[in-house]
Ligand code: MLT
């Protein structure tokens, strides 16, 4: 089982393929395995590196009660790249993974060769959103991951998603640690506004959004793309919030030409 001892934790990761490095950061409340189609397909041309964040998949949760800040996910990602001898990578992230990719820009944009933001947004939570995060953190601590299956599964994937995708996402959610999920909810609640780092980013960037995303509308994705110089926006027809998993062929058709153009 590949793990890297970084920043005081044992970070599980997948590292598949050869070629330019593509780091993918998963969303909430999933794991590296939500990038299964990309690990299989994009690894034919790229070195696809996918960690499990603390408290997700096979990486143990951090200290009980301590929020998992997006900056920590970013620092763990940099430490993983160091461990693997990778100086610069295309940084991609789905939703919460996108928040963490933006935290990577804030910490050390020089290591981000290009940016791939999928079904995500740059703004912070408002006060009502922060309160909801805390309520959800308490509910998942009390009721377990089933709480997140009930409340999140219907908004993570489009109503027309196949039953196989539905089962796969449910399984990924249930495999996670409830304390890890609570920590990530509290960490997302304190994330900063990342519009400034996007406006400063000078590398190639692509924004992808599922046309049926119930959490990030295509209009919101466009507003984010407009903040980044030269960013390309692609909408994936029929897909919801997990466009990379729900419609992998369309996702790869959009992303491959972008990756091919990264110098
Ligand atoms: C995710 O998909 O990572 C989460 O829905 C993001 C969030 O709750 O803000």
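In our numbering, the protein residues as written are 58 to 320. Virtual Cβ for every residue (Gly too), placed ideally from N, Cα, C. Fair warning: this is a prediction, and the values are worked out from it, not measured in the lab.
Looking at the DSSP output, residue 106 sits in a beta bridge with 72, 80. Rounded to the nearest whole angstrom, the C-alpha separation of residue 232 and residue 70 is 16 angstroms. Shown in chain order are the residues whose CB sits closer than 5 angstroms to a heavy atom of the ligand MLT: 84, 85, 152, 153.
Residue environment for residue 235: buried (at least 16 other C-beta atoms within 10 angstroms of its C-beta). Residue 299 has no beta-bridge partner at all, per DSSP. About 5 angstroms separates the beta carbons of residue 104 and residue 76, which is inside the 8 angstroms limit, making them a contact pair. In this structure, the alpha-carbon of residue 208 lies about 18 angstroms from that of residue 217.
Judged by DSSP in its simplified three-state form, residue 226 adopts helix.
Contact annotation, residue 265 with residue 215: C-beta distance approximately 14 angstroms; criterion of less than 8 angstroms not satisfied. Cβ-Cβ distances below 6 angstroms link residue 177 to 152, 155 in the same chain, with the five nearest sequence neighbours on each side left out; the list follows chain order.
The residues 235, 236, 239, in chain order, have a CB closer than 8 angstroms to that of residue 198 in the same chain once the five nearest residues on each side in sequence are set aside.
Residue state for residue 87 is assigned as coil, using DSSP reduced to three classes. Looking at 204, 201, 182, the one whose alpha-carbon comes closest to that of residue 250 is 182.
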